[in-house]
Each structure stands twice: as C-alpha cells, then as structure tokens.
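S.K.: Have a look at this one before I ask anything.
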Amino acid sequence: MKRVTAIDYERFLDVLSIDGERLASCVGSAPGNSPVPGSPGLTLAETVRRLGDVYRSTADWTRSPDGTPVPPREVHIPRQGDDRRLAEYLRAGLAEVAGELSAHRPEERCPTWWPADASFGFWARRLTHETIVHRVDVQAAAGLRCDHVDTDIAVDGVDEVLTLWFDHRLGELAITASRPATVAVRTGGRVWLTQAGAAGTTVRAVQADAVPDVDATVSGDPFAVYLWLWGRLPDWAVTLDGDADALAQLWVLLNVATR
Numbered sequence: 049m050k051r052v053t054a055i056d057y058e059r060f061l062d063v064l065s066i067d068g069e070r071l072a073s074c075v076g077s078a079p080g081n082s083p084v085p086g087s088p089g090l091t092l093a094e095t096v097r098r099l100g101d102v103y104r105s106t107a108d109w110t111r112s113p114d115g116t117p118v119p120p121r122e123v124h125i126p127r128q129g130d131d132r133r134l135a136e137y138l139r140a141g142l143a144e145v146a147g148e149l150s151a152h153r154p155e156e157r158c159p160t161w162w163p164a165d166a167s168f169g170f171w172a173r174r175l176t177h178e179t180i181v182h183r184v185d186v187q188a189a190a191g192l193r194c195d196h197v198d199t200d201i202a203v204d205g206v207d208e209v210l211t212l213w214f215d216h217r218l219g220e221l222a223i224t225a226s227r228p229a230t231v232a233v234r235t236g237g238r239v240w241l242t243q244a245g246a247a248g249t250t251v252r253a254v255q256a257d258a259v260p261d262v263d264a265t266v267s268g269d270p271f272a273v274y275l276w277l278w279g280r281l282p283d284w285a286v287t288l289d290g291d292a293d294a295l296a297q298l299w300v301l302l303n304v305a306t307r
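Numbering (our numbering), first residue to last: 49 to 307.
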C-alpha cells in the first residue's frame, strides 16, 4: 500500500484521542441548540451526535468482511434536549473506533471509500481531520478559543482536503467547474496546484521554487489555510492574491465536496 502521508500512524491516533477529548470537554459549555458558525444549519448538539455516529459506523465498516458499509446499529442516540449525554455518547464512540484502529497496523487492508488507500492508515488520518474540524466547530459554537494544532498536522490536513475532497470526491460526484482556473495553495513550505474546469478537478503537489503561472494563490499560516479550505474561516484569515473569481470558484467547489 502506497503511503500517502508522512505522519506516523501512532501520531494520528494520539491527535485523534486528544482532540476528541477536547471536543467532548466543550460540550457542556453552551446549549445544544447553539449554531455552528462554519456549518450553517447545524447546531452544536447535531455536530456532536453526527461525529459520534461516524466513529461507530467507521468501526463497523472496518470489520465488514466484504467491504460493504453495514446498516446503522441500534444505539441510543441522545435526542434534542438531552445534551448532558452528548459527551458520553461521543467518548464511547471514540473509544470504540480508537480501540479498533489501535489493534491493527496502518498498512493492514480494510474497507475504505478512497481507492488510493484501502488501509487502517486511511481511517486514522481521516478521523483525525474529521475530529479536528468538528472540534473547531464545537468550540466556535460555544464561543470558546479555538485550540491550534501542530504545523505538521495542519499541513497534512491541507494535503488531505485537497487530494481526498477537491480531487477525488468531486470526481466521484462528477462535479465540474464553470471556468478553467488554476489556483496555488501555499503553506508550510509546500505548494499544491488546484485545477478546475469543464473536465473536472485535479490537484498536484509541486516544488515551492517551481510554481508555474497561476490565476490566483491562497497562502498563510498552515492552520488558517487548513480551516479556510474547510470553510471554517473567512477570507481575511488567509492571504488571497490574483483572480477573485478563481478563488471564489475554489472555495465553492470545496464547499460542495466537503458537505
């Protein structure tokens, strides 16, 4: 199995557990119906319940013998207004999936939804970034300071959202762009070229000193760029240069891919 990230498996599992616990500890800081600024229409409680569901469904999926996602199990999901049980629900799901991942080596094969990586390593990476983004959501909904992540994790998150979501996911959805545009994403000493057009979307990493002419560039602090790509930060949080329409198109396409 080709390695798609430089981050160690154990490091992902550590960050997953730490950020999952950070999220759980924030649950009681605000009412469950508090809106999530980065996900219009979602509340704090709905976000926590959904992540608890994701943990359980992922654990079930990795154990599926034929790779077919299994039907949702019968569990007691805290209902609207039952906010005091949300943290318990989240922690139990996190413990289950973390235990499943810890019992395997990263290169061991298991069902995933990305053809480039059918391994337990995929899920450790995917759930780590899922947890970080939703931890940010819950902290924002509760009006709390957003904890940063280390630079290497943030840079890996930029790579994941571009390669897995902008490239692969939009291709699976057969989403195309209204105009051809190439936007460079620069952060943490790395550069990715995103290309969108009538034929679809692609992304490739390039050397920082060998970037061709592009229509626009997104740059800034790795964590800020990471969250901007996920639609969790406004434009002023990063540096945007070049064609405004190309930048807007990139943001819209990512918004479609990650929702």
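Yeah, the Cβ is synthetic: ideal placement off N, Cα and C, and Gly gets one too.
Note that this is a predicted model, so its numbers are computed, not measured.
Would you grab the beta carbon distance between L277 and V206 for me? Rounded to a whole angstrom, and I think it's under 8 Å.
M.R.: Position 229 of the sequence shown, counting from 1, holds the residue named residue 277. Position 158 of the sequence shown, counting from 1, holds the residue named residue 206. About 6 Å separates the two Cβ atoms, so the contact holds.
S.K.: Check S65 in the structure and name its three-state DSSP category.
M.R.: Translated into positions along the sequence shown, residue 65 becomes position 17. Here S65 sits in helix by DSSP.
S.K.: If you reduce the DSSP assignment to three classes, tell me which class P83 lands in.
M.R.: Residue 83 sits at position 35 when you count from the first residue of the sequence shown. Three-state result, P83: strand.
S.K.: Can you find a heavy atom of the ligand SAH that lies under 7 Å from the Cβ of G237?
M.R.: Absence of the ligand SAH from the depicted structure is noted, as is the absence of any ligand whatsoever, leaving it without description.
S.K.: Please report the straight-line C-alpha distance between V239 and C74, rounded to a whole angstrom.
M.R.: Numbered from 1 along the sequence shown, position 191 holds the residue referred to as residue 239. Numbered from 1 along the sequence shown, position 26 holds the residue referred to as residue 74. Each residue's Cα considered, the two are about 34 Å apart.
S.K.: Near F170, which residues of its chain fall below 7 Å by C-beta distance, leaving aside the five closest residues on each side in sequence?
M.R.: In the sequence shown, counting from the first residue as 1, residue 170 sits at position 122. Result list for F170: T160 and W162, in chain order.
S.K.: Between the Cα of A107 and the Cα atoms of E69, H152 and G89, which residue gives the shortest distance?
M.R.: Taking the sequence shown and counting its residues from 1, the one referred to as residue 107 is at position 59. When only C-alpha atoms are compared, the closest one is H152.
S.K.: Please check the pair S82 and A190, which I expect to be a contact at CB under 8 Å, by giving their CB distance rounded to whole angstroms.
M.R.: Here residue 82 refers to the residue found at position 34 of the sequence shown. Here residue 190 refers to the residue found at position 142 of the sequence shown. Their Cβ separation, rounded to whole angstroms, is 7 Å, which keeps S82 and A190 in contact under 8 Å.
S.K.: Which class does D185 belong to by DSSP, given the choice of helix, strand or coil?
M.R.: The count along the sequence shown starts at 1 and reaches residue 185 at position 137. Reduced to three states, the DSSP call for D185 is helix.
S.K.: Look at the alpha carbon of A135 and the alpha carbon of R70, and state the distance between them as a whole number of angstroms.
M.R.: Taking the sequence shown and counting its residues from 1, one reaches residue 135 at position 87. Taking the sequence shown and counting its residues from 1, one reaches residue 70 at position 22. If you take the alpha carbons of A135 and R70, they lie about 10 Å apart.
S.K.: Just grab the DSSP bridge partners of G290 for me.
M.R.: Counted from its first residue, the sequence shown places residue 290 at position 242. The partner list for G290 (beta bridge, DSSP) reads A264.
S.K.: Just the C-alpha distance for D291 and A285, rounded to the nearest angstrom, thanks.
M.R.: Residue numbering aside, residue 291 sits at position 243 when the sequence shown is read from its first letter. Residue numbering aside, residue 285 sits at position 237 when the sequence shown is read from its first letter. Roughly 18 Å separates the two Cα atoms.
S.K.: Could you name the residues that DSSP lists as bridge partners for A253?
M.R.: Residue mapping note: residue 253 aligns to position 205 of the sequence shown, counting from 1. The partner list for A253 (beta bridge, DSSP) reads W240.
S.K.: Return the CA-CA distance between L295 and Q243, expressed in angstroms with no decimal places.
M.R.: Within the sequence shown, the letter at position 247 stands for residue 295. Within the sequence shown, the letter at position 195 stands for residue 243. Roughly 11 Å between the two C-alpha positions.
S.K.: Assess contact between the segment 197-216 and the segment 77-97, defined as three or more Cβ pairs (one per stretch) separated by less than 8 Å. Is contact present?
M.R.: With a cut-off of 8 Å, the segment 77-97 and the segment 197-216 do not count as touching, because too few Cβ pairs lie within range.
S.K.: DSSP state of A202, grouped into three classes?
M.R.: Indexing the sequence shown from 1 puts residue 202 at position 154. DSSP places A202 in helix when its eight states are reduced to three.
S.K.: Rounded C-beta distance between V145 and L175? I'm assuming under 8 Å.
M.R.: Locating residue 145 in the sequence shown gives position 97, where the first residue counts as 1. Locating residue 175 in the sequence shown gives position 127, where the first residue counts as 1. With 8 Å as the limit, V145 and L175 qualify as a contact, their Cβ atoms being about 7 Å apart.
S.K.: Under three-state DSSP, which class holds G248?
M.R.: Within the sequence shown, the letter at position 200 stands for residue 248. Strand at G248.
S.K.: Could you please give the first and the last residue of the uninterrupted alpha helix (DSSP H) stretch that includes T106?
M.R.: If you number the sequence shown from 1, residue 106 lands on position 58. L92 to T110 is the span of the alpha helix (DSSP H), which, as asked, contains T106.
S.K.: Buried or exposed for G76, going by 16 or more other Cβ atoms inside 10 Å?
M.R.: Start at 1 with the first residue of the sequence shown, and residue 76 comes out as number 28. Exposed.
S.K.: Could you check whether the Cβ of L99 sits closer than 8 Å to any Cβ belonging to chain D?
M.R.: Of the protein chains in this structure there is only one, and it is not chain D.
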